[in-house]
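Asks:
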Amino acid sequence: MKHFVKLPIRLLATSLAVVQLFSAAAGAAFTNSFSYSYPVGEGLQYTRSEGKNTAGLQKANILTYTPNTGVSPIMVYADEQLYGSQATITNAVKYLESQGKTVIGGTNADFFVMSSGIPIGLVIDEGELISSDAWQYAVGFKADGTAVMGRPTMNMSISGSSGTVSISYFNKTRTTAGAYLLDRNYDDSTHFSANGTYIILERVDDTPVTVNHSVKLKVVDKGTGNSSFAIADNQMVLTKSDGANVPSWVDFPVGEEVTLWVGASDSNWAEVEYAVGGKLLIDNSTVTTSGIDAASSRRARSAIGVKADGTVVLYEIDGDQSSHSVGLTAQELGNELLGLGCVRAICLDGGGSSAMALRQPGESTTSLITKPSDGSQRSCANYIFFVSNIPADGVTAHAVLTPSYRYVMPGASTWFSVKGADASYGPADAPTDLTYTVSGDMGTVSNQTFTAGMTTGSATITGSNGVVEGSMMVCVTGDIQSITLQNDGKDISSISLKPGQSINVDGIAYHLGQKMGSVDTSFTWTVSDGIGTVDENGVFTAGSSMASGTLTCSYGNTSKSIPVNVGMGDPQDAETVADFESSQPCTATDGVTLSTVTDYTQVARGTASLKAAYDGSKVMTATISVPQTNVSDMSYLTLWTRGENTQSTLTAVFTDAEGNELTAPLSATTTSSWKQLTASIPDGAQVLTGIRMERSGSGAANSALYLDQIVVSADHAVTNTDAPSVSLNSTSVTVDAGASATLTGKATMENGKYPARASNIVVKVDGKVVSGAASMNGSSLSVTTGALSEGTHCVTIDVSDDAGNRARVSATITAGSAKNVFADTADHWARGYASLLNQNGIMKGETGSDSKTYFNPDRNLTRKEFAVTMARLLGLDTSYSGETEFADDADIPSWARGAVYAVSQAGIMQGSNNGGELYFSPDADMTRAEVMTVIGRCLPRGYAAATLTYSDASSVPSWALDQVKTCVSASIIGGYKDNTLQPLGKITRGEIAKILALF
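First residue of the sequence shown? That's 9 in my numbering, and the numbers climb one at a time after it.
(1) Are the segment 242-254 and the segment 280-293 in contact at 8 Å, needing three or more beta carbon pairs?
(2) Are Val-446 and Ala-467 close, meaning C-beta to C-beta below 8 Å?
(3) Residues in the same chain with beta-carbon distance under 7 Å from Ser-31, minus the five sequence neighbours each way, listed in chain order, please.
(4) Helix, strand or coil for Val-416 per DSSP?
(5) Using the DSSP secondary-structure output, state which residues sit across from Val-156 in a beta bridge.
(6) Give me, in chain order, the residues of the same chain whose beta-carbon lies closer than 7 Å to that of Ser-735; leave out the 5 immediate sequence neighbours on both sides.
(7) Please report the Cβ distance between Leu-8 and Thr-678, rounded to the nearest whole angstrom; I am assuming they are in contact, meaning their Cβ atoms lie under 8 Å.
(8) Tell me which residue opens and which closes the beta strand (DSSP E) that Met-364 is part of.
(9) Helix, strand or coil: which one does DSSP assign to Thr-654?
(10) Given a cut-off of 8 Å, decide if Gly-428 and Ala-420 are closer than it, judged by their beta-carbon atoms.
(11) Using CA atoms only, rank isn't needed, just tell me which of Lys-150, Pro-81, Ala-151 and Ile-469 is closest to Ala-117.
(12) Compute the Euclidean distance between the alpha carbons of Asp-382 and Asp-641, then round it to the nearest angstrom.
(13) Count Cβ pairs between the segment 332-346 and the segment 119-138 that sit closer than 8 Å; are there 3 or more?
(14) Excluding sequence positions up to five away, which residues of its chain have a Cβ less than 6 Å from the Cβ of Asp-581?
(15) Put Phe-393 into one of helix, strand or coil per three-state DSSP.
(16) CB-CB under 6 Å to Ser-1014, same chain, minus the five flanking residues each way: which ones, in chain order?
(17) Between Pro-507 and Thr-62, what straight-line distance do the alpha-carbon atoms span, to the nearest angstrom?
(18) Across which residues does DSSP place Cys-594 in a beta bridge pair?
(19) Are the Cβ atoms of Ala-596 and Thr-631 separated by less than 8 Å?
(20) Here's the rule: buried if 16 or more other CB atoms are within 10 angstroms of the residue's CB, otherwise exposed. What is Tyr-951?
(21) Any idea which residues DSSP pairs Arg-703 with across the strands?
(22) To the nearest angstrom, how far is the alpha carbon of Pro-47 from that of Gln-53?
(23) Could you have a look at Ser-361 and say whether DSSP puts it in helix, strand or coil?
(24) CB-CB under 7 Å to Ser-93, same chain, minus the five flanking residues each way: which ones, in chain order?
(25) Short check: CB of Ala-316 to CB of Gly-358, under 8 Å?
(26) Below 8 Å, can you find three or more Cβ-Cβ pairs linking the segment 991-1005 to the segment 838-852?
(27) Ignoring anything shorter than 3 residues or poking outside the segment 304-346, list the beta strand (DSSP E) runs there in chain order.
(28) Say whether the segment 658-667 touches the segment 686-698, bearing in mind that this needs 3 or more beta-carbon pairs closer than 8 Å, one atom from each stretch.
(29) Taking the C-alpha atoms as reference points, what is the distance between Ser-767 and Leu-751?
(30) Cα separation between Asn-253 and Gly-186?
(31) Quick one, which of Asn-242, Lys-226, Leu-520 and Tyr-888 has its alpha-carbon nearest Phe-260's?
(32) Check whether the segment 864-881 touches the segment 932-947, counting contact only when three or more Cβ pairs, one atom from each stretch, lie closer than 8 Å.
(33) Is the beta carbon of Tyr-608 closer than 8 Å to that of His-519?
(34) How many Å lie between Asp-487 and Tyr-563 at the Cα?
(35) With a cut-off of 8 Å on the beta carbons, I'd call Val-535 and Val-527 a contact; round off their distance for me.
(36) Under a three-way DSSP split, which group does Ser-788 fall into?
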């Protein structure tokens, strides 16, 4: 938006509106509804209507205007011309405010062409006709604020001595529908793209184009063609496209003077200052939906109506959001406006365009109050606003009361704020010494807190000090539709306590999807036998022994239960000194070279370990300094180690408070295989400083000591070998496009004795780590993604314990609907996974003879395809183009050569030996065992080797057995319903797409 240039020049006024409660008739399409209203300007009242219909939740916003001089209705659009003129409602408000206008509120207006911004119907601005009605209905506002609504059916013609041309459209984009007239209000140029005829007219005077008036013009040029050309400030262009049926067309000669006439059969349109178009919704108190786009669909909608007494109703309802507001069909929208007393109404643009902005009483600025169905504001062609003409003086004239909760349970409370508003409803000092009354003995007020009684209904709370007063409305209802449970203001989904511990649980009630003022004593609290007790305030006290069960909070027929685990307390204090995953923080004495290694055969836990290389024939002892770690509250040290060529004994080195060295021997001598060693931290030790190595026996020149997962702990050594347990309540979730997703489940470690640590949980969304996504509440796991674009998304959750043992789980999330980018996957179960991998550049398709891209999801995966896919997945360098070590090198195509070399060098695909030569077999199909072997080599170390219980477990090749067990343990690949693993079976491209998407 460049700027808004069309502004009202007349300031127009009203009497004070009063707060009132709408009856059910005010929301005819809603049931279980509640509406509350308050004045926002002179003669202008805002109403919020909330309820349900057969489709679900509904939330509507209504501005009701009684024509007066204190508040004026205006139309505003972006830029100096119509073409490309689009802006959000927030930007429209900001512009008007920057011009000194006091914007109270308004909505989007006419339907428009998304590509050009041209409104479909009438545009009148400050009395000037900007764009013709195009046989659409419209609403116009006179200088006194009264509304004119109907079909303008304006007649436009250009007449001269040569004849008269009937003009079909003024300042609309030219098609073959008739004769068109354009001026600079359309744009700086004609935007022609098809062949046509044009006549350029020049104004004889500066008379604006208005209804029931004429403009003198002179023909200055004419021509044909399909090129766009500039429209001068004082020019108009009369034009038609080739093929257009314009019987009245006159080929006016250059130099002829002509007259433009604009007429309307209803003279009221000649008095209109501002007008916008729309589609007929109500005529003579009868709803009609013919011609309204998607009339039978429930969606967000906007409309404007007029009552028999001239009152104007501006209506907006949110839609397309099941948890917020579903929206209405056009028929339902018409019924709503009928229920509000409208005898005539037009439908404005809906869907993502629907929006309302409002300045709340006592505030200085106007902001969006609706929730656009697109997820963000849409730029629209024009808007209807109400502006205040009463000067702001800051003198308190009204009290503004706003409750924290609009709905409260019987017996519950809500605090409310008190602000001041001046005569223009702008900001003013808050009134003091207010005395409060409550209608119908519905409750009491103390310290700006309303406490409801036990009677349900609408309560009006009025504050007055004899000079100013104000009111607010609160709904007291026992219609509790859902309940959540909280502790310290945060939602909880489970409870984990030690025996005898207590926790204060708060019940939070919801009505129409909104949080209510709630009170714990109004709920019924129960617990299952054996886990403990709960009192009327929701305070749960765990029993004396370990147990599991549920805590339930109920109100009427609505309840919320959460699992309770008694006996699982917090895990012991423990700290990882070094795991070498992201850095190498150690140093060593002379003769020892330190490096990080990542080959899976050289790692004990995770993806990296420390290699201390030395000459074992010369080095007898050496010290590896570790990050200095406070161990004053710790009792045990554990680490993983192995020796290569030379073995040694290890000693942990500490210092006490005075800096004196203390040592503790590790539990065993190193071996050529990985072994976890432990040491007891000596009394008085304050800081762990290093690990000392002493050679045992003879040494070899090419020797190394490997270290991994160095941990100190308080209560017991972390020597457990069991994998953590992690599970999700659902592994397939659907959310709206643009929304985030939350996965819940359970994560424990050390045979379920302790909850897993959130810091030891790695969450990846579509293969990328998301920091802070996981949280733990006792043993309950919650993982929240960021906003997800439309399509399929994959989440993997990797949980490790203090000893480095691992477990993982994955889930598929569909945001909106699964995308499909290939010509042959529209109805295939793997379409979302294939599209995701394609989007991430990991798997691509093939272009067919029809120029379409095919994925071939049911075709077997070849070794060369898998090499390319894994190289992309792991981010390997595939630039190599030379020969490989394989005997069948000539069979490797150029597009796969770099990838084959990369995966072979990485040690994850090694080929097979045949007759003493190594073959890659690029065209061979991958077997399930081969896939599991490759993926197993890429997994972090620490997954347990699962026991294979499949009926065909004996057919797993020996060379694949370890990695197959790891993949099964990590849930990468499972068996079939007939309890077979089929390790020698082929794998399809669709199957590998899912495996790698969830990898």
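No residue lacks a Cβ here, since even glycine has one placed at the ideal position from N, Cα and C.
Just so it is clear, the structure is predicted and the values come from calculations on it, not from any experiment.
Replies: Well, looking at it:
(1) no
(2) yes
(3) Because Ser-31 carries a pLDDT of 34, less than 50, the predicted location of this residue cannot be relied on, and no value is offered for it.
(4) Three-state DSSP puts Val-416 in a strand.
(5) DSSP output for Val-156 lists Gly-148 as bridge partner(s).
(6) Excluding its 5 nearest sequence neighbours in each direction, Ser-735 has C-beta neighbours in its own chain below 7 Å: Gly-753, Lys-754 and Val-817, listed in chain order.
(7) An answer regarding residue 8 cannot be provided, because it is not within the stretch 9 to 1007 covered by the chain.
(8) First-last of the beta strand (DSSP E) with Met-364: 364-366.
(9) coil
(10) It is not a contact, given that the beta carbons lie outside the stated cut-off.
(11) Pro-81
(12) 54 Å
(13) The answer is no - the segment 119-138 does not touch the segment 332-346, with fewer than three Cβ pairs under 8 Å.
(14) Ala-722
(15) strand
(16) Here the chain has residues from 9 to 1007 only, and residue 1014 is not among them.
(17) 48 Å
(18) For Cys-594, which the question treats as bridged, DSSP gives no partner whatsoever.
(19) yes
(20) buried
(21) Answer is Ser-656, bridged to Arg-703.
(22) 4 Å
(23) helix
(24) Tyr-85, Ala-86, Asp-87, Gly-125 and Ala-389
(25) no
(26) yes
(27) 309-315 and 320-325
(28) yes
(29) Near 17 Å, if we compare the C-alpha coordinates of Leu-751 and Ser-767.
(30) Asn-253 and Gly-186: Cα-Cα distance of roughly 6 Å.
(31) Lys-226
(32) The segment 864-881 makes contact with the segment 932-947, as at least three CB pairs between them are under 8 Å.
(33) no
(34) 9 Å
(35) That pair is no contact at about 20 Å.
(36) strand
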